[in-house]
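Residue numbers (my numbering), protein chains in the order written: chain L, 731 to 1097; chain P, 2 to 152; chain Y, 16 to 399.
This report refers to the structure that appears directly beneath it.
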């Protein structure tokens, strides 16, 4: 009975510690043990990301179909669930073209830079209770700095393609990501101020008695909204997909890419989507923390029985759904409108909001 | 203005104008050098005010070409057709009206492309549809092409 | 203004010596394959950053020489070659040609044929505007509107298929009337489509018209003054958005439009938003026109008697109609033979295209897409 309880609530940490113990008995050398554990973690993370991207691809199609009063994929596999596998196979077999006039080294490097930067940012995420790859003390700082590196890959791709549309796309992306970094940073800082730590596990712990979005009143709600808008822009999704802007730039920075190299950009887009939503869920919606209402012990106890990983993924996918909803309902902004939105509205608002949050933190006005 | 009034007024402007009233509109037939002296007052003069050039084309009559300008006025809602006859078939030339109606610029490019009429003082005369290397002017009656299939 | 430049500022092609570009110029070629040009339009764009300095259209990628072909086709045949010009108003193009022939012959069309022509023409106009709405949403980055508009467009296409036998290039009109009588389902289905359109139009407003991003993309973008609209020979919704009254159905009525009650939609702002609202309002006007006719289609012949070989009298004939994009003029020069001596189609898109460089002066690339979306070009009509 005790075991069963563990399986539900601490499933991942239980699994991880048992694996660790089992390996320890097998491998005596501590360095070898570390390498083996890192390999296992890395491979399982990669497998997780691939499955995640498959699922997000399927989800995007179904959400799009739902918004567009149509059915979406429904032929390959049950309910069309294998469509994305078929597409991946197609992409795998396509020729990876490299244009003649391009800078071949940078052109081939760019997709990997983009994917690796987005994969790096997944390290400090807490997927469930006590289940975190790397609980680093500068968690949020790490994530923001890594995610702003993605622009290098995009600039690389746009520049090396030797295509004017790609170049315009890359330049737009540079302007866009650099600007929206500010709002993202400021909205994250508001929670850092309230919780007093950059470490993600501390931030989650600080929400044990209520998520920040409820505890922090209106200022945190404002930062949450700003974070969602700015991060949609940061990951270049519609209505901020000016870097791709199919109708203007025929695909923007990835115009010249085909086959697996193109799939890398797609992969990184979905990983970024997941990371951004996971961060939002962790910072504002309490990560794997279950939903509790004040002193309703019965209700709270029932909520505790829902596995923490389910809480985390539920919140994350809720935010992913919202961002997808944006994509399929909004038209695209123009480049000057995009920059106006950031510099004239979001940035001043988030600066004022940071001030408010600081006051809240100093006077203890939150719950 | 009615057809008769137009005819009377136009006769005053251009002595060489001939008139053809058989069709729906009043046709003014003039030799090509007379085009600008006739057409400028048509556009600028308040009582004509032909500000809307709605169709401009060319007809190849084998021994001469005729440029056809369909003019109407958004103010008075009267219409007239100016036909300028170009007698030199081998090297046809006529003044451009693109300075008067901006729509003429692209349309004259088209006519240059398909009829080979050179427009003097045209800002950017080029072959619009066919390539620069294309030989001949397809809408001319004497145009032949080795790939052309005659039924 | 032409600036004098040092020769070292100029990059030339190694083989031909042709000047490719000057120093500091950034030229992009939009098209012939580009998602926003809706076909094989090629615009050469001089940029400064994202701002457009100059546009030069290069045409001819779908030039089929329809005018030359018409010189060899009989008056019954040449009508159908015009379906391939503005394929979204194929029916109205056919109508223009048939009217030109009828005008030259002095042929009286039976009232039933006239009513059928108008109903089909207005259905075509609605279908065309639906496609325009779908694509303008798509051009501005919203994919969803496409599927909403295609519900009604499909329904209209189904009616066309049932009555004319074709969905896009109907070829239903012959000189003297229409090719065959209406399908017995016609009235029922048209009424159903009209209710469907009126019921669903509010969804269009919810999804695009009311969207703040969409409005900001169109407002004060692509300004075209009334004077410029006249000078460039613009017609249709593109000109009516600039306050120019140019609806041929009102000014030079044909096929009995003079008996019908409808409004000419005119907005004076001259920007993309005005052109957008003109088209949206025109959908309702077309619905209104069809509603007046659908219950009172006169009985009788659907085709006047004509000779097998139509020969037009000597002379020049000009007939204009209002297609979904503006004034289509058919200019026939006849020498009395069984084929036109010269046939010129004054296409609305050609004139509207010539105004685009003016509208896009100083705009951004994204604005150019918005301008092209609201002018609603159909490329085969430009190249002919």
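Just so it is clear, CB atoms sit at the ideal spot from N, CA and C, and this is done for glycine as well.
Buried versus exposed call for residue i [16 or more other C-beta atoms within 10 Å across all chains shown]
| i | result |
| --- | --- |
| residue 756 of chain L | exposed |
| residue 200 of chain Y | exposed |
| residue 6 of chain P | exposed |
| residue 969 of chain L | buried |
| residue 92 of chain P | exposed |
| residue 760 of chain L | exposed |
| residue 247 of chain Y | buried |
| residue 111 of chain Y | buried |
| residue 867 of chain L | exposed |
| residue 983 of chain L | buried |
| residue 232 of chain Y | buried |
| residue 371 of chain Y | buried |
| residue 889 of chain L | buried |
| residue 748 of chain L | exposed |
| residue 1095 of chain L | exposed |
| residue 751 of chain L | exposed |
| residue 272 of chain Y | buried |
| residue 260 of chain Y | exposed |
| residue 731 of chain L | Low confidence applies to residue 731 of chain L: its pLDDT is 40, below 50, so where it sits in the model is not reliable, and the reading given next is rough at best. Exposed: under 16 other Cβ atoms inside 10 Å. |
| residue 210 of chain Y | exposed |
| residue 175 of chain Y | buried |
| residue 353 of chain Y | exposed |
| residue 1025 of chain L | exposed |
| residue 253 of chain Y | buried |
| residue 991 of chain L | buried |
Near the ligand GDP: residue i beta-carbon under 7 Å from a heavy atom
| i | result |
| --- | --- |
| residue 844 of chain L | Summarising the ligand content, the structure contains no ligands, and the ligand GDP is consequently not present. |
Reduced DSSP secondary structure (H/G/I, E/B, other) of residue i
| i | result |
| --- | --- |
| residue 376 of chain Y | coil |
| residue 317 of chain Y | coil |
| residue 198 of chain Y | coil |
| residue 45 of chain Y | strand |
| residue 2 of chain P | coil |
| residue 164 of chain Y | helix |
| residue 1002 of chain L | helix |
| residue 68 of chain P | strand |
| residue 1095 of chain L | coil |
| residue 905 of chain L | helix |
| residue 61 of chain P | strand |
| residue 333 of chain Y | strand |
| residue 343 of chain Y | strand |
| residue 31 of chain P | strand |
| residue 324 of chain Y | coil |
| residue 21 of chain P | strand |
| residue 899 of chain L | helix |
Residues that DSSP places opposite residue i in a beta bridge
| i | result |
| --- | --- |
| residue 53 of chain P | P/73 |
| residue 61 of chain Y | Y/42 and Y/69 |
| residue 338 of chain Y | Y/341 |
| residue 193 of chain Y | Y/188 |
| residue 357 of chain Y | Y/348 |
| residue 856 of chain L | L/862 |
Problem set entry | In chain order, each alpha helix (DSSP H) run of at least 4 residues that lies wholly inside the segment 80–148 of chain P | 105–116
Exercise. Which residues, in chain order, does the segment 1049–1072 of chain L contribute to contact with chain Y at a C-beta distance below 7 Å?
Worked result: 1058, 1059, 1060, 1061, 1062, 1063, 1064, 1065, 1066 and 1067
Problem set entry | Entirely enclosed alpha helix (DSSP H) segments - the segment 202–273 of chain Y, minimum 4 residues | 227–233, 241–246, 251–255 and 263–266
Exercise. When you check each C-beta in the segment 64–75 of chain Y against every C-beta of chain P, which residues fall closer than 9 Å?
Worked result: 71, 72, 73, 74 and 75
Exercise. Of all the residues that make up the segment 346–359 of chain Y, which are near chain P by a beta-carbon distance shorter than 7 Å?
Worked result: 346, 348, 357 and 359
Exercise. Where in the segment 776–849 of chain L do unbroken runs of the alpha helix (DSSP H), each at least 4 residues long, occur, reported from the N-terminal end onward?
Worked result: 813–823
For this session: Could you name each continuous alpha helix (DSSP H) segment of 4 residues or more that falls completely within the segment 915–951 of chain L, going from the start of the chain to the end?
Result: Complete alpha helix (DSSP H) runs here, min 4: 930–935 and 942–945.
Exercise. What residues in the segment 32–62 of chain P have a beta carbon less than 8 Å from any beta carbon of chain Y?
Worked result: Flagged, chain order: 52, 53, 54, 55, 56, 58, 60 and 61.
Exercise. Residues in the segment 798–809 of chain L with C-beta within 8 Å of chain Y's C-beta atoms, listed in sequence order?
Worked result: 798, 799 and 800
Exercise. Relative to chain Y, which residues along the segment 968–986 of chain L have a C-beta separation below 9 Å, given in chain order?
Worked result: 968, 969, 971, 972, 975, 976, 977, 978, 979, 980 and 981
Problem set entry | Contact residues within the segment 904–920 of chain L, judged by C-beta distance below 7 Å to chain Y | none
Exercise. Going along the chain, which residues of the segment 321–334 of chain Y sit with their C-beta nearer than 8 Å to a C-beta in chain P?
Worked result: 330, 331, 332 and 333
For this session: Scan the segment 1045–1082 of chain L and note each continuous alpha helix (DSSP H) run of 4 residues or more that stays entirely inside, going in chain order.
Result: Annotation: the segment 1045–1082 of chain L contains the following complete segments of the alpha helix (DSSP H) (minimum length 4 residues), in chain order: 1065–1070.
Problem set entry | Uninterrupted beta strand (DSSP E) stretches inside the segment 85–169 of chain Y (no shorter than 3 residues) | List check, beta strand (DSSP E) in window: nothing returned.
Problem set entry | Near-chain L residues of the segment 227–238 of chain Y (beta-carbon distance less than 8 Å), N- to C-terminal order | Those residues of the segment 227–238 of chain Y that come within reach of chain L (Cβ to Cβ, closer than 8 Å) are 228, 229, 231 and 232.
For this session: Quick one: which residues of the segment 106–124 of chain Y get their C-beta closer than 8 Å to a C-beta of chain B? List them in chain order.
Result: Structure shown: chain B not included; protein chains present are L, P and Y.
Problem set entry | Near-chain Y residues of the segment 94–106 of chain P - C-beta to any C-beta below 9 Å | 101, 102, 103, 104, 105 and 106
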